[in-house]
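Visitor: Numbering (the numbering used here), first residue to last: 1485 to 1753.
We put the CB at the ideal spot given by N, CA and C, even for glycine.
These figures come from a predicted structure and were not determined experimentally.
Below is the structure I would like to discuss, written out as structure tokens.
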């Protein structure tokens, strides 16, 4: 087995490792469940003591397609994102990097780290926890019928789905939801046309720049029908309501029920 495959194996093991929490109850999978399309379908997720975070947990599937990680983009890549929650007092609750390493300091883990990072003299490091988890997460990609359609198979989408795609483009959704993940490529102000009622100032909390107030990373739309609830705060329970809100607050358009239904049908693909 080559080192990359071993690294992926290590990352998968760490992804499900509850020892990487203060009371051995929380793993990456607790909030980003592999068997639930990479989410927990909660408004916000409970941490090690039941306290809930302030933002909805985004899907881990296709996360590698994001240009930055977290709603506010504070992590530059998957490796940086993966180690953030471990030392978050609300999430995994560990105090220091040393604490995290001590929790998994076993012969099995140290051997896997050595095999995963053979060029390093001391591979058993906190940052390498992130690199290993990232290697695993990069495998969590979900090709779809929509990809087949883009590759030339017109009949990969039904007539109604193609109709929905046309409306998706016509109304302007692709101004933000573009690229291979239909999103995840830029920040956008929530309420760009009409002020949206939220106290969360988004990326502003990272940069302190006025221009970043209420800006969030545009979410991916792959598997979107399976990852409710929606928005940064998980406040919208249905996809149809989310489409309606996006039309109103982001595009300044009142979408008819038929329009919303057609777009939602396309998103199923």
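(1) Along the chain, which unbroken stretches of the beta strand (DSSP E) at least 3 residues long are found entirely within the stretch 1516-1574?
(2) Ends of the beta strand (DSSP E) at residue 1672?
(3) Could you tell me whether the stretch 1686-1705 touches the stretch 1551-1563, using the rule of 3 or more Cβ pairs below 8 angstroms?
(4) Let me make sure I understand the geometry here. Which of 1569, 1628, 1732 has the alpha-carbon closest to that of residue 1676?
(5) Which residues bound the alpha helix (DSSP H) around residue 1700?
(6) What runs of the beta strand (DSSP E), each 3 residues or longer, lie entirely inside the stretch 1632-1695?
(7) Spell out the partners DSSP gives residue 1714 in its beta bridges.
(8) Would a C-beta distance cut-off of 8 angstroms place residue 1574 and residue 1614 closer than the cut-off?
(9) Grouping DSSP H, G and I as helix and E and B as strand, with all else coil, what is residue 1507?
(10) Can you tell me whether DSSP reads residue 1706 as helix, strand or coil?
(11) Spatial neighbours of residue 1494 within its chain, please: C-beta separation below 6 angstroms, excluding the five flanking residues on both sides.
(12) By the three-class DSSP mapping on this structure, what secondary structure does residue 1752 have?
(13) Using a Cβ-Cβ cut-off of 6 angstroms (strictly less than) and excluding sequence neighbours within five positions of residue 1581, which residues of its own chain qualify?
(14) Does the Cβ-Cβ distance between residue 1505 and residue 1577 come in under 8 angstroms?
(15) Return the CA-CA distance between residue 1660 and residue 1670, expressed in angstroms with no decimal places.
(16) Taking residue 1625 as the reference, which of 1689, 1705, 1538 has the closest Cα?
(17) Is the stretch 1677-1692 touching the stretch 1507-1524, taking contact as three or more C-beta pairs under 8 angstroms?
(18) Alpha carbon to alpha carbon, how far is residue 1508 from residue 1501?
(19) Is the beta carbon of residue 1707 less than 8 angstroms from the beta carbon of residue 1543?
(20) Tell me whether residue 1603 is buried or exposed, calling it buried when 16 or more other Cβ atoms sit within 10 Å of its Cβ.
(21) Select from 1715, 1750, 1490 the residue whose C-alpha is nearest the C-alpha of residue 1619.
(22) Going by C-alpha distance, which of 1571, 1487, 1737, 1686 is nearest residue 1652?
(23) Just to confirm, are residue 1703 and residue 1667 a CB contact at a threshold of 8 angstroms?
(24) Pull up the distance between the alpha-carbon of residue 1712 and that of residue 1665, whole angstroms please.
Guide: Inspection of the coordinates gives the following:
(1) None, since the stretch 1516-1574 contains no complete beta strand (DSSP E) of that length.
(2) Against the chain shown, residue 1672 aligns to sequence position 188. Taken as a continuous stretch (DSSP letters only), the beta strand (DSSP E) holding residue 1672 covers 1671-1673.
(3) Because the criterion of three Cβ pairs below 8 angstroms is met, the stretch 1686-1705 and the stretch 1551-1563 touch.
(4) Position 192 of the chain shown holds residue 1676. Closest in C-alpha terms to residue 1676, from the list 1569, 1628, 1732, comes 1732.
(5) Counted from its first residue, the chain shown places residue 1700 at position 216. Annotation: residue 1700 is outside any alpha helix (DSSP H); the continuous beta strand (DSSP E) that includes it extends over 1699-1701.
(6) Taking only runs of at least 3 residues, the beta strand (DSSP E) segments lying wholly in the stretch 1632-1695 are 1671-1673.
(7) As a position in the chain shown, residue 1714 is number 230, starting the count at 1. DSSP lists 1720 as the beta-bridge partner residues of residue 1714.
(8) Working through the chain shown from its first residue, we reach residue 1574 at position 90. Working through the chain shown from its first residue, we reach residue 1614 at position 130. Between residue 1574 and residue 1614, the C-beta gap is not smaller than 8 angstroms, which leaves the two residues out of contact.
(9) The count along the chain shown starts at 1 and reaches residue 1507 at position 23. Residue 1507 falls in the coil class under three-state DSSP.
(10) Counting from one through the chain shown, the residue named residue 1706 turns up at place 222. Reduced to three states, the DSSP call for residue 1706 is coil.
(11) On the chain shown, residue 1494 is found 10 positions in, with the first residue counted as 1. 1596, 1600, 1616.
(12) Taking the first residue of the chain shown as position 1, residue 1752 is located at position 268. Residue state, collapsed to three classes: coil.
(13) The residue you call residue 1581 lines up with position 97 of the chain shown. The beta carbon of residue 1581 sits closer than 6 angstroms to those of 1610, all from its chain and outside the five residues before and after it, given in chain order.
(14) Taking the first residue of the chain shown as position 1, residue 1505 is located at position 21. Taking the first residue of the chain shown as position 1, residue 1577 is located at position 93. In this structure, residue 1577 lies closer than 8 angstroms to residue 1505 by Cβ.
(15) As a first step, residue 1660 is located in the chain shown; it is residue number 176 there, counting from the start. As a first step, residue 1670 is located in the chain shown; it is residue number 186 there, counting from the start. Cα-Cα distance, rounded: 7 angstroms.
(16) Taking the chain shown and counting its residues from 1, the one referred to as residue 1625 is at position 141. The residue with the shortest Cα to Cα distance from residue 1625 is 1705.
(17) With a cut-off of 8 angstroms on Cβ pairs, the stretch 1677-1692 is not in contact with the stretch 1507-1524, counting fewer than three such pairs.
(18) What you label residue 1508 is simply residue 24 of the chain shown in a count that begins at 1. What you label residue 1501 is simply residue 17 of the chain shown in a count that begins at 1. Taking the straight line joining both Cα atoms gives about 8 angstroms.
(19) Position 223 of the chain shown holds residue 1707. Position 59 of the chain shown holds residue 1543. Cβ atoms of residue 1707 and residue 1543: closer than 8 angstroms.
(20) Residue mapping note: residue 1603 aligns to position 119 of the chain shown, counting from 1. Its Cβ having fewer than 16 others within 10 Å, residue 1603 is exposed.
(21) Start at 1 with the first residue of the chain shown, and residue 1619 comes out as number 135. Taking the Cα of residue 1619 as reference, the smallest distance to any Cα among 1715, 1750, 1490 is reached at 1490.
(22) For this step, residue 1652 is matched to residue 168 along the chain shown. The candidate whose alpha carbon is nearest that of residue 1652 is 1737.
(23) Within the chain shown, residue 1703 is the residue found at index 219, counting from 1. Within the chain shown, residue 1667 is the residue found at index 183, counting from 1. A Cβ-Cβ contact shorter than 8 angstroms links residue 1703 with residue 1667.
(24) The count along the chain shown starts at 1 and reaches residue 1712 at position 228. The count along the chain shown starts at 1 and reaches residue 1665 at position 181. Rounded to the nearest angstrom, the gap between the Cα atoms of residue 1712 and residue 1665 is 17 angstroms.
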